[in-house]
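Per the working numbering, residue 16 is the first one in the sequence shown, and the count goes up by one each step. Quick reminder that beta carbons are idealized off the backbone N, C-alpha and C, glycines included. If you're wondering where the values come from, they're calculated on a predicted model, not measured in any experiment.
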Amino acid sequence: KLQLGAGPVLAAGFAPGLSVGFSGFVGLRWPDTSLLLEARGDLPVTTAPRPGLTVDTSWLGGSLVPCLHGTWIFGCGVITAGQLRNSVRAKVSFPKTHVYLGLGLRAGAEVPLSSRLAAQLAADLLVNARRPRLWYDDGEAAFAGAASGAVTLRFVASF
Numbered sequence: 016k017l018q019l020g021a022g023p024v025l026a027a028g029f030a031p032g033l034s035v036g037f038s039g040f041v042g043l044r045w046p047d048t049s050l051l052l053e054a055r056g057d058l059p060v061t062t063a064p065r066p067g068l069t070v071d072t073s074w075l076g077g078s079l080v081p082c083l084h085g086t087w088i089f090g091c092g093v094i095t096a097g098q099l100r101n102s103v104r105a106k107v108s109f110p111k112t113h114v115y116l117g118l119g120l121r122a123g124a125e126v127p128l129s130s131r132l133a134a135q136l137a138a139d140l141l142v143n144a145r146r147p148r149l150w151y152d153d154g155e156a157a158f159a160g161a162a163s164g165a166v167t168l169r170f171v172a173s174f
């Protein structure tokens with residue numbers, strides 16, 4: 016079956032602080048397995064690492080997600096790649112874009128709402144294989160942590 020899904024995301028470890036975003040996916044589903052191609056964008060998170068310096072951090076990327084499914088639960092492998100964008104505001108403002116790569120696992124539950132619609136709650140835990148860091152005037156201004164995570168609530172339509 017073809018599946019389409021979308022919903023809000025709460026993420027940590029991609030930006031310095033919690034971020035809120037939106038994700039969507041297209042995928043193929045068989046009785047016990049699925050393969051998803053996802054896209055996600057996080058709204059900017061603003062931090063002030065030191066006086067006179069403000070950093071806005073946003074995230075945009077995609078994931079390849081193969082999953083195994085039980086009756087109500089599922090588990091997946093996750094490969095995520097994207098860009099972490101920092102916009103520094105200080106004496107001079109400048110944007111900087113970094114490549115991000117994460118590998119990890121997803122666990123979740125899926126509740127059927129009708130024959131074609133389901134609600135999903137999923138949690139990801141990723142190791143940040145490529146950890147973007149932003150340096151400004153000999154000091155670290157922003158970075159992605161060693162690990163990151165996301166919780167997603169979404170609706171899934173099957174065709």
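For residue i, the first and last residue of its enclosing beta strand (DSSP E)
{"i": "residue 107", "result": "Neither: residue 107 is in no beta strand (DSSP E) and is coded neither H nor E."}
{"i": "residue 20", "result": "17-30"}
{"i": "residue 59", "result": "48-65"}
Selection from the options that minimises the alpha carbon distance to residue i
{"i": "residue 27", "options": "66, 94, 167", "result": "167"}
{"i": "residue 57", "options": "67, 92, 100", "result": "100"}
{"i": "residue 162", "options": "82, 32, 18", "result": "32"}
{"i": "residue 81", "options": "106, 66, 53, 63", "result": "53"}
{"i": "residue 16", "options": "143, 130, 109, 164", "result": "130"}
{"i": "residue 59", "options": "66, 110, 88", "result": "110"}
{"i": "residue 83", "options": "107, 144, 126, 44", "result": "44"}
Residue burial classification, residue i (beta-carbon count within 10 angstroms, cutoff 16)
{"i": "residue 78", "result": "buried"}
{"i": "residue 170", "result": "exposed"}
{"i": "residue 90", "result": "exposed"}
{"i": "residue 141", "result": "buried"}
{"i": "residue 49", "result": "buried"}
{"i": "residue 42", "result": "buried"}
Residues bridged to residue i (per DSSP)
{"i": "residue 163", "result": "141"}
{"i": "residue 131", "result": "Answer is none; residue 131 lacks a bridge partner."}
{"i": "residue 69", "result": "104"}
{"i": "residue 112", "result": "100"}
{"i": "residue 37", "result": "23, 56"}
Beta-carbon proximity check, residue i vs residue j, cutoff 8 Å
{"i": "residue 23", "j": "residue 37", "result": "yes"}
{"i": "residue 29", "j": "residue 74", "result": "yes"}
{"i": "residue 137", "j": "residue 123", "result": "yes"}
{"i": "residue 76", "j": "residue 95", "result": "yes"}
{"i": "residue 86", "j": "residue 98", "result": "no"}
{"i": "residue 70", "j": "residue 114", "result": "no"}
{"i": "residue 18", "j": "residue 165", "result": "no"}
{"i": "residue 35", "j": "residue 51", "result": "no"}
{"i": "residue 93", "j": "residue 121", "result": "yes"}
Any chain D beta carbon closer than 8 Å to residue i
{"i": "residue 135", "result": "In the displayed structure, chain D is absent; only one protein chain is listed."}
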